[in-house]
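A.B. asks:
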Amino acid sequence: MKGAYAPMLAVLVDDFPSSGDWVYEKKFDGYRAIAVIQAGKVSLYSRNGILLNNNYPSVPAALTKLPHDCVLDGEVIHIDKAGRETFQGLQQYGQTRSGTIQYCVFDLLKLGRQDITHLPLLQRKELLATLVKPLRSRVIKYVEHVEDGRKLFAQAESEGWEGVIGKRANVTYLPGKRTDYFVKIKTSKRQEAIICGYTAPAGSRKHFGALLLGVYIGKELHYAGKTGTGFTDLDLKELFQKMQPLIGPMPFAEDVKKKYYRNVDVTWLKPALVCEIKFTEWTGDMRMRHPSFQGLRTDKKAKEVILELPKRIGV
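Numbering (this note's numbering), first residue to last: 281 to 595.
(1) Secondary structure at E472, three-state DSSP: helix, strand or coil?
(2) Whole-angstrom Cβ separation of S326 and A315, contact assumed at under 8 angstroms?
(3) Which residues in the same chain have their Cβ closer than 7 angstroms to the Cβ of G510, if we skip the five residues on either side of it in sequence?
(4) Cβ of G494 within 8 angstroms of Cβ of G508?
(5) Quick check on the burial criterion: 16 or more other C-beta atoms within 10 angstroms. Buried or exposed for P287?
(6) G505 and R577 look like a contact to me (Cβ under 8 angstroms); what is the Cβ gap, rounded to whole Å?
(7) For E442, which residues of its own chain have a beta-carbon under 8 angstroms away from its beta-carbon, when the five flanking residues on both sides are left out?
(8) On the three-state DSSP scale, how would you describe R430?
(9) Using CA coordinates, which residue listed in P347, K550, V444, P455 is at the minimum distance from K413?
(10) With distances taken from CA atoms, which of N543, M523, L292, A533 is nearest K550?
(11) By alpha-carbon positions, which one of E500, V546, H487, L352 ends up nearest to E518?
(12) Using alpha carbons as the reference points, say which of W548, L514, L501, T410 lies closest to K583.
(13) Would you report the Cα separation of S323 and P337, rounded to the nearest angstrom?
(14) With a 10 Å radius around its C-beta and 16 neighbouring C-beta atoms as the bar for buried, classify Q394 as buried or exposed.
(15) May I ask you to report which of helix, strand or coil DSSP gives K539?
(16) Starting from Y373 and walking both ways along the alpha helix (DSSP H), at which residues does that stretch end?
(17) From V595 to F532, what does the alpha carbon distance come to, in whole angstroms?
(18) Spell out the partners DSSP gives G443 in its beta bridges.
(19) For Q382, list the residues DSSP reports as bridge partners.
(20) Roughly how many angstroms lie between the CA atoms of K539 and V426, to the nearest whole one?
(21) Got a sec? Which residues, its chain only, sit under 8 angstroms from I330 by beta carbon, not counting five neighbours each side?
Spelled out as structure tokens, the structure:
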């Protein structure tokens, strides 16, 4: 990941900050990506350092038109033919090449040879706007910010966004850090989860029945429930193919088979595949209620998938 920075990460919170100077942006439903533009060459990296140039070639092509070398932080998203942002479309873009890919940029980390992570957020964004807006690109989009987070959140709920991101206006950029200076407020409950096994299909269902899910709590892999909904026929086929090389022993320390699946045919997997789950609430024993599969997260490593509960914020 030559020349790139590890992205600064947000903390999930249950309400808006009550003090301090904050600005708010739309929370996108895509892949976080760091773009390095140097001497006319563009490298687009995922959060875990995977080169994305071949996955979304329109982004590096558009970034070559920038007038200066720089390092950008943003999110790669997919817009379908109806103009809607879809995470599933982003996942399947490699096969379908349907819809439009956009790179929504919200931070500038380096300009020319100068690292500018020490500058306040709003100063970095001002430089970013000066750099990106003149392109008038259909692919590279500058992410605007507002001061009224609650109003933006109401828009997020009405338009079906994932949520909003709050950022302290004067914060410096802290690569690879998850801090209270960046917060995320979601319109619905979502959790990244590790696919730890699957059940046999029943009825007309092909390939598998439900996915068994896990998250890390500390160093221990915790059983977080199962989901049998949210899949397309293509999802079922592709997931089944991806799971076959990972078949192995039960990955949980707890005897999940004995506790929950005593009379159920379960195939266990090595904890490697990560997915996004939408659900209604956590149960008392920390399992997701009414979980629904939203897509694979190829930009995340299994070891990064921790139980994420909203923090009560008092900043």
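Glycine residues also receive a C-beta, built at the ideal position from the N, C-alpha and C atoms.
C.D. replies: The relevant details are as follows:
(1) strand
(2) That pair is no contact at about 11 angstroms.
(3) Contacts found: S572, F573, Q574.
(4) G508 is positioned such that its CB atom lies no closer than 8 angstroms to that of G494.
(5) buried
(6) 17 angstroms between Cβ atoms; not a contact.
(7) K307, F308, D309, A436, K466, T467, S468, R470
(8) helix
(9) P347
(10) M523
(11) H487
(12) L501
(13) C-alpha separation (whole angstroms): 11 angstroms.
(14) exposed
(15) helix
(16) Start and end: 373-376.
(17) Bear in mind that a pLDDT of 47 at V595, under 50, signals an unreliable position, so the model cannot answer this.
(18) K307, K466
(19) I357
(20) 49 angstroms
(21) T578, D579
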